[in-house]
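First the structure, in the form of structure tokens, and then the observations on it.
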Amino acid sequence: MSKTTPDRPKSAAAFERAKRVIPGGVNSPARAFGGVGGSPLFIARAEGPFLYDADGRRYLDFIGSWGPMILGHCHPAVVEAVFAAVRNGSSYGAPCEPETQLAERVVEAVPSVEMVRFVSSGTEATMSAIRLARGFTGRDLIVKFAGCYHGHVDSLLVSAGSSALTHGVPNSPGVPGGCTQDTVVLRYNDTAALADLFAAKRDAVAGVILEPVVGNMGLVPPSDEFRRTLRALTQKHGALLIYDEVMTGFRLGYGGAQGLLGDTPDVTCFGKIIGGGYPVGAYGGRADVMRKIMPAGPVFQAGTLSGNPVAMAAGIATLHELKTNPPYARLEQQSERIGSGLLAAARAAGVPVQFNRVGSMWTLFFTPTPVTDLDTAKTSDTARFGRFFWEMMDRGVYLPCSQYEAAFTCGAMTDAHIAETIAAAGESLQAVAR
Ligand code: PLP
């Protein structure tokens, strides 16, 4: 395994300095490289498909800030919109028209969303969505699925994916038992468990929340039967179906995962792309449900920086670009090429892998077992993944620093970049086969 310290001295020194004043040296645990060993790169700047570290090295970026940067970094239209917005002030604490303009774009793109409320992160979006589900139905029980991550909401931090999984703390200290007593965790893609739950609890379930395509245990797609059963049972028993599209929204298509799959949830959570790289989240859905939110209704939710004009401007510019110059067909082609390239390279190297992909989200799992849920994701050889990660890094390709995260292809990547990635993977897989 390559060590950051000798190869990247400025990043290593920056990390040591950060650790003295920031817990673990990072402001979000996924960034600490706990899943791959070594210490993290400190990023000095980013442009197009590239990140540049403190030591001046360049990397093809397959994280894209964990999803938002679908257009690549510093897209000129987004940069221009942000500069224009900043000149008009950073925050008003009063309504402004860009909030409505971004809301109109979201409503137009996602038919199940008739109204939308902006917040400042994906965590706030899911936290508010489950409060809304409880307020709307007058029930308490929330169903989630093992390996799905919905941000660090207390009541959803049970069997969570992403860095909660990488760091082995699915149930965090500090979350009182009372906070999770109304959360039921089921296995993803387990239709029978879902049917059993509704048979037992029928009229007690306020809502079911899930990533309709999971990114946070690595990429795991839903089965058709699972999705159909979910919709039928929630409808039958009056529970709200909540799609957490913080990662998949405007990523798997302009209409998100639900547009791709043809699904109609009651409530949808957004984040990441709708902020174009700035702090934004949102939740939206059926108008009769959304009108329960204060001040239209009694369910409280608020935020000092909610609907921030600079973040709204970045979101509007991003969605405008995605609509008028859609990258989705090319992202699909390029990501498909990465898949066939990586699988061929793994075969040649004799390394057993699974390549899971939907659109521009993908994961190479180091296991011979097909990955359909958290248990099968955990059959991966994470030590081998860690070695592969560093081999790729040393060849200028920056992958997610955990086996349990999805990689993202971005619209600024050219076919040549994809070819470079496949070539780097060929060498890296040979190296980790030994
Ligand atoms: N939901 C999903 C599906 C996510 O992937 C994430 C973050 O990765 C969140 C919610 C939380 O979003 P945020 O980190 O903006 O709070």
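For the record, in the sequence shown the residue sitting at position 282 is 904 according to my numbering, with numbers rising by one throughout.
All residues carry an ideal CB built from backbone N, CA and C; glycine is no exception.
None of the values given here were measured: they were computed from a predicted structure.
Member of the options whose CA lies at the smallest distance from the CA of residue i
i, options, result
"N710", "A1046, T1001 and N930", "N930"
"A999", "S957, F977 and P798", "F977"
"S633", "G657, I665 and V643", "I665"
"A1055", "A1041, S750, D804 and F1007", "F1007"
"V827", "T856, D818 and E730", "T856"
"M912", "S750, G773 and H772", "S750"
"P690", "H1039, G799, L941 and T1043", "L941"
"P949", "T989, F988, L874 and G840", "L874"
"K858", "A879, Y1020, F637 and F820", "F820"
"R850", "F872, V842, I1044 and A814", "A814"
"L927", "V728, M869, P717 and A854", "P717"
"P990", "D1003, V975, V980 and T1004", "V975"
"F637", "L663, V658, G659 and D825", "L663"
"S687", "L1021, Q1025, T1043 and A1045", "L1021"
"Q723", "A1053, A935, F684 and P795", "A935"
"Y1026", "G647, V658 and A1041", "V658"
"E730", "Y876, G884 and M1014", "Y876"
"T802", "V765, R809 and R824", "V765"
"L808", "P798, F848 and D776", "F848"
"A854", "L841, P671, G871 and T886", "T886"
"S661", "P645, R630 and N649", "R630"
"Y1070", "L673, H695 and F684", "The question about residue 1070 has no answer, for the chain in this structure spans 623 to 1056."
"R1035", "G646, K641, R639 and I692", "According to the sequence provided, residue 1035 is Met. The question's Arg does not apply to it. Among G646, K641, R639 and I692, the Cα nearest to that of M1035 is on I692."
"I864", "G715, A707, A904 and A706", "A904"
"A635", "D675, S650, A668 and R667", "D675"
Closer than 8 Å: residue i CB and nearest ligand 1 heavy atom
i, result
"A933", "no"
"S743", "yes"
"T748", "yes"
"M983", "no"
"G656", "no"
"Y771", "yes"
"N930", "no"
"K894", "yes"
"N838", "yes"
"C891", "yes"
"S650", "yes"
"D866", "yes"
"M1014", "no"
"G898", "no"
"H774", "yes"
"M869", "yes"
"G689", "yes"
"G903", "yes"
"E943", "no"
"E833", "yes"
Check: residue i C-beta below 8 Å from any heavy atom of ligand 2
i, result
"Y714", "Absent from the structure shown: ligand 2. Ligands present: ligand 1."
Integer-rounded CB distance, given that residue j should sit under 8 Å from residue i
i, j, result
"T1031", "S962", "Rounded, the Cβ-Cβ distance is 14 Å, inconsistent with contact."
"V732", "T946", "17 Å between Cβ atoms; not a contact."
"I752", "I831", "6 Å"
"L779", "V806", "Incorrect: roughly 14 Å between the Cβ atoms, too far for contact."
"G898", "V741", "About 16 Å; that fails the 8 Å criterion."
"D846", "L862", "Contact doesn't hold; Cβ gap of about 21 Å is too wide."
"M839", "G769", "3 Å"
"V973", "G937", "40 Å between Cβ atoms; not a contact."
"T1043", "V1019", "5 Å"
"A747", "V868", "6 Å"
"A703", "A933", "A703 to A933, Cβ: 11 Å. No contact."
"Y1140", "A782", "The first residue shown for the chain is 623 and the last is 1056, placing residue 1140 beyond what the model contains."
Is the number of C-beta pairs between the segment 952-962 and the segment 1013-1033 that are closer than 8 Å three or more?
yes
In chain order, each alpha helix (DSSP H) run of at least 4 residues that lies wholly inside the segment 712-767:
719-731 and 744-759
Report yes or no: do the segment 901-909 and the segment 721-737 share at least 3 C-beta pairs separated by less than 8 Å?
yes
Touching by the beta-carbon criterion (3+ pairs, under 8 Å), the segment 1038-1051 and the segment 963-975:
yes
Quick one: which unbroken beta strand (DSSP E) runs of 3-plus residues sit fully inside the segment 962-1031? Chain order, please.
976-980 and 983-987
Would you list, in sequence order, the uninterrupted alpha helix (DSSP H) runs of no fewer than 4 residues that lie entirely inside the segment 914-947?
931-946
Should the segment 990-998 be regarded as contacting the segment 654-671, the criterion being three or more beta carbon pairs within less than 8 Å?
no
Inter-stretch contact (C-beta, 8 Å, three-pair minimum) for the segment 877-884 and the segment 679-689
no
Which runs of the alpha helix (DSSP H) spanning at least 4 residues fall entirely within the segment 847-894, listed in chain order?
878-883
Let me know the beta strand (DSSP E) ranges lying completely inside the segment 629-677, each 3 residues or longer, listed in chain order.
665-669 and 672-675
Counting only runs that start and end within the segment 781-848, where is the alpha helix (DSSP H) found for 4 or more residues in a row?
785-788, 799-802 and 813-823
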